[in-house]
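Read top to bottom, the protein sequences are chains A and B.
Numbering-wise (our numbering), the first sequence opens with residue 286 and increments by one.
Numbering-wise (our numbering), the second sequence opens with residue 286 and increments by one.
Yeah, the Cβ is synthetic: ideal placement off N, Cα and C, and Gly gets one too.
Everything on this sheet refers to the single structure shown next.
2 protein chains.
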Amino acid sequence: MGSQMPKKNTQLTETTKPLPREALEIVAARFRAMGDATRLELLQLLMEDEKSVQELCGLTGMSQANISKHLSILADQGILSRRKQGLFVFYSVADTSIYQLCDLVCGALSERFSKVQKHFEHKTSLTS
Amino acid sequence: MGSQMPKKNTQLTETTKPLPREALEIVAARFRAMGDATRLELLQLLMEDEKSVQELCGLTGMSQANISKHLSILADQGILSRRKQGLFVFYSVADTSIYQLCDLVCGALSERFSKVQKHFEHKTSLTS
DNA sequence: TTACAATATTACTATATCGTTAATTAGTTG
DNA sequence: CAACTAATTAACGATATAGTAATATTGTAA
């Protein structure tokens, strides 16, 4: 019942057996679900706390249909869960591993850009 | 100089300031680079050790042009690095955070599917 | 130099995805 | 019941992406 899993290396980095194509498609689909700025914007808001589609409309200025579709994609992936209450549908983060996932990616990008930046440090032009 | 960074929560999960759209686009692009089964297949092979485009052709049976293009996408993201030696170009994993990234996703998917599976356990049909 | 080999790139088609508008479904209230 | 509201779904056009075949680039060697 706990959300804590025993820490074991899983699939892609295992040295023994590579994932077959079918499994890779599933992993890729998960990455693709995270690979859209609009969805990340919604996720970012839902990381604070659960929100209705309406609230997300107000907070982002995006159309209701568009938001609903993006939320469905995330919910289909099990990343979000829906809770219906009267006319409203409240979405919330169901898969908390996305927090670490986002941190990991942001950390990697941060390091990447800081390396690039160093090449330009103390340089005001190509001829300096 | 070490690849170890100080462990601090970075962007998306920070409670203080949300990432602006421009930054979310960059994060999304990183996820999208991982969001293709063909690229994951190549990554999986490169996780063993560095390989030339040729080797990857032989191991996967995919066309040279296709492989080259996918490797470029990963290299542009800083996920892979290229090393030129004579006529050959060797690719290798440059951003080791993808190991954790893949483990995290595989772990989440594993948990997700095991939950779904439990609904069917000990059930041989809808009428049992 | 010419011939050749490994990669990269271009041009193209097919498919997937995003966002919009309109229609539909589901739930509430008078 | 009809009228209203929130959300989903469908249909569409625009853009992005994957894969292929052909061409270009880069480096080697005769």
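- Three or more Cβ pairs drawn from the segment 367 to 384 of chain B and the segment 385 to 394 of chain A lie within less than 8 Å of each other, which places the two stretches in contact.
- Scanning its chain for C-beta atoms nearer than 7 Å, with the 5 sequence neighbours on each side dropped, one finds around residue 337 of chain A the residues 373, 374, 375, in chain order.
- Uninterrupted alpha helix (DSSP H) stretches at least 4 residues long and entirely within the segment 303 to 334 of chain A occur at 306 to 318, 322 to 333, given in chain order.
- With a threshold of 16 other beta carbon atoms within 10 Å, residue 333 of chain A falls short and is exposed.
- Cα atoms of residue 367 of chain A and residue 352 of chain A: separation of roughly 13 Å, rounded to the nearest angstrom.
- At a cut-off of 8 Å between C-beta atoms, residue 380 of chain A counts as an interface residue with respect to chain B.
- Secondary structure of residue 402 of chain A (DSSP, three-state): helix.
- When Cβ pairs closer than 8 Å are counted between the two stretches, the segment 396 to 405 of chain B is seen not to touch the segment 401 to 412 of chain A, the count staying below three.
- With contacts defined by Cβ atoms closer than 8 Å, residue 331 of chain B and residue 326 of chain A do not form a contacting pair.
- Neighbours of residue 326 of chain B across chain A, judged by C-beta separation under 9 Å: 303, 304, 306, 309.
- The alpha carbon of residue 313 of chain A has as its nearest neighbour, out of B:355, B:344, B:346, B:320, the alpha carbon of B:320.
- Annotation: Cβ neighbours of residue 317 of chain A in chain B (cutoff 7 Å, chain order): 317, 320.
- Chain-order list of chain B residues neighbouring residue 397 of chain A: 363, 380, by C-beta distance under 8 Å.
- Here DSSP, grouped into helix, strand and coil, assigns residue 372 of chain A to coil.
- In this structure, residue 394 of chain A sits near residue 311 of chain B, with a CB-CB distance shorter than 8 Å.
- Per the C-alpha coordinates, the member of B:303, B:304, B:302, B:324 positioned closest to residue 306 of chain A is B:324.
- Residue 366 of chain A has A:377 as its beta-bridge partners, per DSSP.
- One thing to note: residue 316 of chain A has its Cβ within 8 Å of the Cβ of residue 316 of chain B.
- Contact between residue 350 of chain A and residue 364 of chain A is absent: CB atoms are separated by about 20 Å, not below the 8 Å threshold.
- A direct Cα-to-Cα measurement between residue 369 of chain A and residue 377 of chain A gives close to 11 Å.
- Measuring C-alpha to C-alpha distances from residue 357 of chain A to each of A:340, A:318, A:344 identifies A:318 as the nearest.
- Across the segment 343 to 372 of chain A, CB contacts with chain B closer than 8 Å involve 363, in sequence order along the chain.
- Taking CB atoms only, residue 329 of chain B has a neighbour in chain A less than 8 Å away.
- Using beta-carbon distances, residue 402 of chain B does not count as an interface residue toward chain A, since no partner is under 8 Å.
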